[in-house]
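First up is the structure itself, then whatever we jot down about it.
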Amino acid sequence: MAENTQIVPSGDFGNMIGNTAELLESAKPFLELMMQNECALRELETKLNVLNDEFSTVYNYNPIESIKTRVKDPVSIVEKMNRKGIAPTIENIENSLNDIAGVRVICSFPEDIYAIADILTMQDDITLIKRKDYIANPKPNGYRSLHLIVGIPIFLSTGKKIMKAEVQFRTIAMDFWASLDHKLKYKHNVRNPAEISAKLKACADAIYDLDYRMQDIRNQIERESR
Ligand code: 0O2
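Structure follows, in structure tokens:
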């Protein structure tokens with residue numbers, strides 16, 4: 051290093067580092083909240099994996115095809131708070147959003163969805179806060195899933211904290227449909243949105259029919275192969 055190289059920042063660069071440190075400090079409570087939600091997701095994912103492993107070993111059957119987890123991104127959090135007309139403070143975010151932590155559980159058959167959802171919510175450290183059955187009562191556009199809002203404890207150095215999480219259960223086919231529907235939501239320049247919505251609704255109904263027909267075949271195979 052040359053003798054007079056300045057290693058202590060000064061001037062604008064120094065201010066910039068100072069501002070960054072302040073910014074990081076002020077973001078800490080938010081980062082902490084995100085970390086706690088990540089922890090809640092890990093707990094839930096483990097519980098679901100344990101159930102799937104047990105079914106696989108004991109009944110030679112995997113009710114869960116896949117599990118996806120995500121923490122809601124900061125922009126979506128702020129947008130949702132704005133939609134609700136609530137100031138996006140840490141306290142308000144924690145109190146008014148149920149889906150900062152989100153788990154999506156993909157099952158092959160509708161019966162498995164209800165079985166796993168019931169077993170999960172019967173666990174004594176899980177609290178069922180809200181249940182929306184969009185399979186029995188689909189949204190007008192055809193969206194089907196079972197949504198649970200659950201409370202789950204995480205254990206921090208300061209003690210136990212109950213976190214909220216949204217668990218969405220769908221079949222593989224419902225998930226396929228929801229991905230395409232999600233694309234429509236974010237494309238604002240489609241020429242025939244009404245026509246596309248009608249086609250999607252018809253597909254959603256066909257998927258519902260197919261899911262239950264496949265389930266009947268699966269059950270018949272089980273009955274007739276004992
Ligand atoms: P993202 O990016 O998936 O997180 P609430 O305040 O809980 O009563 P909320 O949050 O509208 O009301 O709950 P709701 O209706 O149960 O649905 C929330 C989530 O379900 C959405 O999250 C989607 O993931 C999914 N969802 C609901 N309706 C539809 C639909 O019509 N199509 C698709 N593809 N997904 C849907 P976010 O926050 O929209 O986004």
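This note's numbering applies: residue 51 is where the sequence shown begins, and numbers increase by one. The beta-carbon is built from N, C-alpha and C at its ideal position, and this holds for glycine as well.
If you measure between the beta carbons of residue i and residue j, is that distance less than 8 Å?
i, j, result
"I114", "M131", "no"
"L250", "D231", "yes"
"A228", "Y193", "yes"
"N102", "N112", "yes"
"V155", "F205", "no"
"I117", "E95", "yes"
"I127", "P79", "no"
"C157", "T70", "no"
Take residue i and list the residues in its own chain whose beta-carbon comes closer than 8 Å to its own, dropping the five residues that flank it on each side.
i, result
"S247", "N191 and L234"
"K137", "For the sequence presented, residue 137 should be read as Ala rather than Lys. M131, listed in sequence order."
"E88", "V121 and A151"
"V240", "L234 and I246"
"Q173", "K97"
State the Cα-Cα distance for the pair residue i and residue j, rounded to the nearest angstrom.
i, j, result
"A244", "Y258", "21 Å"
"D162", "F105", "11 Å"
"L196", "Y236", "23 Å"
"I166", "E216", "15 Å"
"K210", "Y184", "32 Å"
"V125", "G135", "15 Å"
"L170", "V108", "17 Å"
"K97", "A90", "11 Å"
"P129", "L147", "It is worth fixing the name first, because residue 129 is Glu in this sequence and not Pro. When rounded, the distance between both Cα atoms is 11 Å."
"A254", "K189", "10 Å"
"Q270", "I176", "34 Å"
"D266", "P160", "11 Å"
"N110", "E272", "12 Å"
"Y164", "A186", "11 Å"
"H238", "A252", "21 Å"
"A77", "T119", "23 Å"
"N65", "E72", "10 Å"
"E75", "L83", "14 Å"
"D168", "S275", "27 Å"
"A256", "M264", "12 Å"
With burial defined as no fewer than 16 other Cβ atoms inside 10 Å of the residue's Cβ, what is the status of residue i: buried or exposed?
i, result
"G152", "buried"
"L198", "buried"
"M85", "exposed"
"D225", "buried"
"K214", "buried"
"A223", "buried"
"T208", "exposed"
What residues in its chain sit with their C-beta under 7 Å from that of residue i, if we drop five residues either side in the sequence?
i, result
"D149", "K122 and E216"
"L178", "T171, L198 and V200"
For residue i, which residues from the same chain have a beta carbon less than 6 Å from its beta carbon, with the 5 sequence-adjacent residues on both sides left out?
i, result
"I212", "G201 and P203"
"R181", "L198"
"V58", "Here the model assigns V58 a pLDDT of 46, short of 50, so the residue's position is not dependable and the matter cannot be decided."
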